[in-house]
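Participant:
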């Protein structure tokens with residue numbers, strides 16, 4: 040029941056897709072830190088819909104800072120950031136109080152909230168709530184940059200199309216390049232194939248999912264804790280907060296289970312006086328604590344639940360089986376828009392852990 | 040830096056492998072609840088080493104309840120459970136203050152704790168600390184059983200040997216059968232192959248990993264929350280606390296990314312007046328909240344980091360490269376022993392969420 | 040550094056006196072609960088300035104609910120409540136970046152925030168931030184009323200003028216009467232004396248403080264916990280969050296230290312089948328847990344720090360001693376306006392503890 | 040229901056007076072910190088009974104560190120400290136399952152725990168649980184000393200006998216002198232009067248209470264936060280966790296309500312380049328944050344609830360009124376033994392706030 044996450048860098052999330060506003064309260068931005076509002080707006084824009092691969096709905100998504108910032112500088116007190124919902128079309132959602140959308144949270148929420156939840160636009164589990172997360176992540180990225188830490192991500196796969204994986208060494212310069220791409224891929228030759236997979240699903244009134252791989256470079260060894268505050272626990276608890284994320288793995292993850300220990304253990308060497316590993320199969324974290332290598336993880340994003348094909352479902356008012364055919368505007372693939380969200384949660388999780 | 044997890048059912052973990060004791064404080068066991076100490080001992084025994092597939096070291100692992108329980112009945116106050124370390128052989132660990140074991144937390148902890156951490160037996164990230172987790176899980180299981188909720192797990196794979204997956208419907212009776220097996224497999228015909236994979240690694244002085252699939256049946260729809268207290272976030276934050284866990288997926292997880300939405304969305308039907316889904320690809324949780332289907336997740340366990348082959352590493356005292364050859368007693372595969380641990384964290388996470 | 044308080048009923052507070060807005064996010068209002076917005080407005084109005092005893096500044100203080108409520112009914116998701124600051128006069132505050140106001144938080148905040156805090160109107164410690172607390176308290180009161188629990192308070196003293204104390208039995212009907220009074224006194228004959236004390240201070244450009252006594256009736260025995268979640272700990276942690284509160288006592292508090300145990304121990308009797316005490320010197324809480332009697336506590340409110348007499352202080356820019364003479368609009372006594380605030384924190388604290 | 044307190048310095052408390060043990064898990068002691076075990080033992084001894092003014096019961100109260108410390112040096116991992124209960128006489132407590140002791144937590148706990156709580160020796164609200172608090176406080180004091188921060192306390196009153204108050208400037212050397220006194224008084228000429236008050240109560244089978252004043256010197260300005268993490272909130276939440284504490288005030292507390300603002304506002308001056316106040320009526324904290332002056336607070340300790348006079352009470356088994364006459368061993372005044380406990384909670388609260 041908690042909308043609040045974090046210890047040193049605490050975020051409280053609120054809003055529904057069709058309420059007056061969504062937003063977040065951010066506690067823990069150091070006094071005197073100058074926010075780069077252009078960079079924040081750019082991150083928000085990366086998540087916003089509107090491209091040719093995405094829903095045609097136009098959202099303004101302007102972040103309004105109600106307090107905690109004066110003349111662009113953080114005061115050290117909580118920052119309340121609000122995005123007013125300016126473009127809501129509630130008429131699309133009339134049947135949703137009866138018919139539960141398969142793959143959506145509708146039925147679970149209907150039971151949890153006794154039917155009082157707002158079903159319009161996904162309500163409390165709406166992807167729109169990731170916009171305030173991206174805001175918080177943009178602030179965290181700026182705070183991390185001061186310490187030489189960078190965060191970036193790319194599309195590792197969409198449907199069956201696969202990108203390369205990050206290598207053992209990661210030059211953070213690649214992150215800037217990726218963040219400027221509409222389809223951030225390490226292997227740009229896959230762009231058309233990804234596009235084709237998404238367009239194919241759209242034409243069929245269907246959807247596709249994918250995998251996003253994220254890396255955090257510049258984190259020194261010794262961050263995190265054994266057990267409950269492991270780096271993995273903290274990142275995963277945020278990653279699984281993002282709607283549609285169904286899996287998280289660090290380093291080679293499931294791939295490690297096919298290796299022997301002699302292959303999975305990353306060998307260590309001194310490199311210019313610094314301890315490094317010659318492979319990074321463990322994703323920069325062992326025993327919950329960083330080892331100085333890039334933190335690398337990826338998340339599985341399931342196909343968008345909203346599709347236009349008829350689906351078997353239930354009518355919770357009539358208490359009978361039914362068939363649902365959705366109308367409206369929906370992304371056939373949210374993987375691209377989720378990239379900045381995954382970067383954001385990585386930034387939030389890592390900044391919150393630093394100095395603890 | 041927090042050794043405490045949970046809201047309604049709070050566990051505080053302490054101890055190192057070679058300290059005087061390990062243990063946990065458990066806060067939130069309802070007053071008047073009669074603990075089944077035999078069942079607790081049985082769970083602890085499942086995790087204990089000693090079988091032919093495991094380390095030859097004998098550990099007594101007797102749980103001593105210091106307070107919070109009177110005549111076998113919980114008083115409602117915190118229960119402190121302690122396991123004294125009776126069989127520690129510190130002489131094996133002399134070189135470990137210099138040579139960092141690849142695949143282990145040694146280097147990260149060396150930096151984090153400034154060299155003051157106890158390196159013997161894995162120290163603060165020792166697998167031994169999962170024994171108090173199993174204790175807490177055993178209590179949680181008993182509390183869940185009162186509400187008709189059951190927890191079980193099986194080995195989904197070891198190295199390349201794969202078991203069947205849980206089906207859409209899960210009869211909790213299968214959990215009792217699995218928990219009595221030394222190699223809990225749904226497809227028992229794979230027993231010899233699993234055994235061969237482990238023995239093969241042992242003979243080579245190497246190790247193997249695997250995947251554990253866990254299910255929780257009987258949880259009604261509406262448990263969990265959107266965003267930060269999603270069922271996935273809570274289970275994953277505990278699962279990633281367990282040493283060697285490198286990935287967590289719910290339902291079909293990564294498999295969902297290869298499907299289209301029309302395949303990934305579980306269709307809903309009334310079944311005897313109850314809403315069910317005809318597939319359970321989402322693992323019983325959507326938008327962070329249960330939908331009444333079994334909660335199903337699996338975790339990747341990397342190969343045991345302690346192997347007997349020479350490994351490239353660093354000497355942090357001499358600050359130079361080195362080769363480490365470990366001696367002593369180590370499991371070539373901890374997947375089997377981790378099965379009750381994963382059940383435990385599932386039980387803890389679900390019980391903590393109920394009624395919130 | 041936490042702006043968030045509570046477990047089951049969680050409030051996140053934000054804003055400064057001269058920022059764009061102040062507000063709170065309220066997490067834990069049960070889905071389906073119909074908010075009485077008139078009652079909320081009435082509570083906010085009780086705290087608002089504007090009476091003849093208070094600052095002449097007019098504040099609108101309209102609470103705008105951004106999300107979490109639909110058609111007046113709580114959805115079960117976080118409620119974000121915002122009060123826009125419509126009547127700020129920043130020109131009054133120009134000298135305050137140099138001269139620290141004695142009795143104010145100015146100097147501590149100047150150091151804490153490195154001079155980046157907003158000094159206008161009290162900034163982050165402004166009494167204005169109690170308005171969102173009153174909002175949250177108004178919601179808590181409504182939730183408590185459903186369970187037969189009532190909250191009320193009166194002015195126990197202003198300067199040397201003393202009101203009666205609540206008796207052992209408290210009829211909640213008196214709370215309604217008190218809440219309608221501008222100077223809520225049990226002994227109304229003291230009204231003129233209180234008024235004279237306040238007006239006397241105003242004429243002298245000075246201020247007075249006082250004591251507020253608060254009671255919560257209808258709480259059954261067994262609420263609270265030993266030690267860290269004692270009822271006293273929870274109420275006190277909130278009470279001391281309110282600016283100008285310098286002391287909190289339960290029941291007879293300091294008076295108990297002048298009694299012997301035989302006088303301080305409240306005798307117990309069955310009264311219509313219910314256990315009651317014949318005195319309530321312990322204020323309804325013993326060992327951290329309620330005993331079924333009214334919870335009674337009082338708080339000391341220091342004299343308003345803003346006065347118009349010249350005061351010795353420091354100039355933190357010139358780093359030299361200085362004399363400060365404040366201008367502007369200030370209450371000579373905030374005790375009356377603090378009454379609904381103290382009721383609010385009592386309601387929040389008690390509701391948060393119920394059912395835990 | 041939480042037995043855990045703190046953020047950076049987290050304490051989890053467990054045990055009952057007549058369980059096998061009491062203790063605490065301490066999380067947040069920096070790796071490499073050498074614990075002064077003699078100083079810890081000395082603090083524990085200050086709290087222990089045995090003097091001529093106290094209960095004749097002998098308690099060994101030896102703290103055993105189960106983990107987190109190696110060769111006297113903190114490893115950075117949780118420290119579990121256990122005190123085994125070696126001298127329990129349960130036979131004294133047979134009637135207490137029926138007859139609720141007035142002034143004790145018995146009735147509230149009986150309801151809360153459904154009669155499953157351990158009534159022997161005060162059970163979960165036993166003063167014995169303050170021993171682990173003193174342990175944690177002793178560690179905190181050592182950590183604070185490294186930063187030039189000292190904590191001390193004295194008896195401000197017992198019954199009607201009053202000591203002097205701490206002055207505006209406090210030389211921490213006085214703390215050492217006080218901590219060596221059985222009756223720590225600033226005005227030693229009051230020793231006999233205090234002794235007479237306690238002995239008089241003992242002869243009457245009755246008890247007396249008193250007030251303890253505590254000071255923390257050396258804390259720089261800027262520690263604490265506005266609102267929920269105010270220094271006062273944090274200290275008070277711990278102080279009210281201590282059994283028998285019924286009131287807490289900072290600085291002049293209730294006395295401030297009798298002053299005008301021009302008297303209550305502490306004037307500020309530069310003193311050797313440092314900002315100081317010429318009085319310290321606000322107890323070193325304004326708006327939740329320290330101002331660099333000593334933090335000064337006092338707490339009211341009610342008379343010991345266990346007295347030997349017959350008392351009206353209820354029999355919760357027979358559900359009828361009854362008269363209780365206690366036997367056994369009880370302190371006629373716990374104020375002296377509570378002095379190190381109040382110092383402990385001050386040290387814990389302040390250390391937890393530093394650097395946040």
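Protein chains in written order, with my numbering: chain A, 40 to 395; chain B, 40 to 395; chain C, 40 to 395; chain D, 40 to 395. Backbone N, C-alpha and C define an ideal beta-carbon position, used for all residues, glycine too. Since the structure is predicted, the reported quantities are computational estimates derived from the model, not experimental observations.
With distances taken Cα to Cα, identify the nearest neighbour of residue 305 of chain B among B:312, B:311, B:295.
Facilitator: Taking only the C-alpha atoms, the option nearest residue 305 of chain B is B:295.
Participant: Taking only beta-carbon atoms, is residue 353 of chain A less than 9 Å away from chain B?
Facilitator: Output row for residue 353 of chain A: interface = yes.
Participant: Which residues in the same chain as residue 158 of chain A place their Cβ atom closer than 7 Å to its Cβ, once the five residues preceding and following it in sequence are excluded?
Facilitator: Excluding residues within five positions, the ones whose Cβ falls inside 7 Å are 132, 135, 136, 145.
Participant: Taking one C-beta from the segment 241-257 of chain B and one from the segment 367-379 of chain B each time, how about it: are there three or more such pairs within less than 8 Å?
Facilitator: Yes, they touch.
Participant: Among the residues of its own chain, which have a CB less than 7 Å from the CB of residue 42 of chain D, if the five just before and after it don't count?
Facilitator: Result list for residue 42 of chain D: 51, 52, 53, in chain order.
Participant: Taking residue 149 of chain B as part of the alpha helix (DSSP H), name the residues at either end of that continuous run.
Facilitator: Taken as a continuous stretch (DSSP letters only), the alpha helix (DSSP H) holding residue 149 of chain B covers 145-151.
Participant: According to DSSP, which residues form a beta bridge with residue 307 of chain C?
Facilitator: Note: residue 307 of chain C sits in a beta bridge opposite C:316.
Participant: At the level of alpha carbons, what is the spacing between residue 240 of chain D and residue 360 of chain C?
Facilitator: Their backbone Cα atoms lie some 52 Å apart in a straight line.
Participant: Do we get a CB-CB distance below 9 Å when we pair residue 223 of chain C with the residues of chain D?
Facilitator: Output row for residue 223 of chain C: interface = no.
Participant: Measure how close the beta-carbons of residue 287 of chain C and residue 287 of chain D come, nearest whole angstrom, since I'm counting them as under 8 Å.
Facilitator: Confirmed, about 6 Å.
Participant: Quick check: what's the CA-CA separation for residue 203 of chain A versus residue 342 of chain A?
Facilitator: If I take the Cα positions, the gap works out to 21 Å.
Participant: I'd like the span of the alpha helix (DSSP H) that includes residue 181 of chain B, first residue to last.
Facilitator: Segment 169-184, the alpha helix (DSSP H) holding residue 181 of chain B.
Participant: Do you know offhand how far residue 362 of chain C's Cα is from residue 168 of chain C's?
Facilitator: So the alpha carbons of these two residues sit roughly 28 Å apart.
Participant: To the nearest whole angstrom, what separates the beta carbons of residue 163 of chain A and residue 282 of chain B, a pair I think is in contact under 8 Å?
Facilitator: In fact, because the Cβ distance is near 35 Å, the residues do not count as touching under 8 Å.
Participant: For the candidate residues B:235, B:308, B:327, whose alpha-carbon lies nearest to that of residue 318 of chain B?
Facilitator: Selected option, being the one with the closest Cα: B:308.
Participant: Assuming residue 161 of chain C and residue 56 of chain C make a contact with CB atoms under 8 Å, what is their CB distance in whole Å?
Facilitator: Indeed, because the Cβ distance is near 5 Å, the residues count as touching under 8 Å.
Participant: Helix, strand or coil: how does DSSP classify residue 341 of chain A here?
Facilitator: Here residue 341 of chain A sits in coil by DSSP.
Participant: Output the distance between the C-alpha atoms of residue 140 of chain B and residue 65 of chain C, rounded to the nearest integer angstrom.
Facilitator: Going by the C-alpha atoms only, they are around 48 Å apart.
Participant: For residue 349 of chain C, does the count of other Cβ atoms within 10 angstroms reach 16, so buried, or fall short, so exposed?
Facilitator: When all chains shown are included, residue 349 of chain C counts as exposed.
Participant: For residue 297 of chain C versus residue 337 of chain D, is the C-beta distance shorter than 9 Å?
Facilitator: No.
Participant: So, for residue 73 of chain A: in the same chain, excluding its five sequence neighbours on each side, which residues have a beta-carbon less than 8 Å away from its beta-carbon?
Facilitator: Hits under 8 Å: 111, 112, 113.
Participant: In terms of residue numbering, what span does the beta strand (DSSP E) encompassing residue 352 of chain C cover?
Facilitator: Residue 352 of chain C -> beta strand (DSSP E) spans 350-354.
Participant: According to DSSP, residue 193 of chain C sits in a beta bridge with which residue or residues?
Facilitator: Answer is C:252.
Participant: Give the residues of chain D in contact with residue 46 of chain A, contact being defined as C-beta atoms less than 7 Å apart.
Facilitator: Those are 46, listed as they occur along chain D.
Participant: Counting along the chain, where does the alpha helix (DSSP H) carrying residue 391 of chain D start and finish?
Facilitator: Element bounds for residue 391 of chain D: 374-392.
Participant: Can you list, in chain order, the residues of its chain with a C-beta nearer than 7 Å to that of residue 180 of chain A? Leave out the 5 residues immediately preceding and following it.
Facilitator: The residues are 190, 386.
Participant: If you reduce the DSSP assignment to three classes, tell me which class residue 233 of chain B lands in.
Facilitator: It is helical.
Participant: Taking residue 305 of chain A as the query, report the chain B residues whose CB atoms sit under 9 Å from its CB, ordered along the chain.
Facilitator: Those are 141, 142, listed as they occur along chain B.
Participant: In chain order, what residues of the same chain have a beta carbon less than 8 Å from the beta carbon of residue 327 of chain D, not counting five sequence neighbours either side?
Facilitator: The residues are 263, 264, 265, 266, 268, 269, 270, 271, 272.
Participant: Is the CB of residue 121 of chain A under 9 Å away from at least one CB in chain B?
Facilitator: Answer no: the Cβ-Cβ gap between residue 121 of chain A and chain B never drops below 9 Å.
Participant: For the segment 317-330 of chain D, list every residue whose C-beta sits within 9 Å of some C-beta in chain C, in sequence order.
Facilitator: Flagged, chain order: 317, 320, 321, 322, 324, 325, 326, 327, 328, 329, 330.
Participant: At what residues does the beta strand (DSSP E) containing residue 122 of chain D begin and finish?
Facilitator: Run containing residue 122 of chain D: 118-123, per the beta strand (DSSP E) assignment.
Participant: Tell me the residue span of the alpha helix (DSSP H) that contains residue 77 of chain A.
Facilitator: Residues 76-86.
Participant: Suppose the cutoff is 7 Å on Cβ atoms and the five residues either side in sequence are ignored; what does the same chain contact list for residue 48 of chain B look like?
Facilitator: Hits under 7 Å: 67, 179, 387, 390, 391.
Participant: Please confirm whether residue 276 of chain B and residue 276 of chain A have their CB atoms less than 9 Å apart.
Facilitator: Yes, the Cβ-Cβ distance between residue 276 of chain B and residue 276 of chain A is below 9 Å.
Participant: By Cβ distance below 8 Å, which residues in the same chain neighbour residue 69 of chain B in space, the five residues on each side in sequence not counted?
Facilitator: Closer than 8 Å at the Cβ level, and outside the excluded window around residue 69 of chain B, lie 113, 115, 182.
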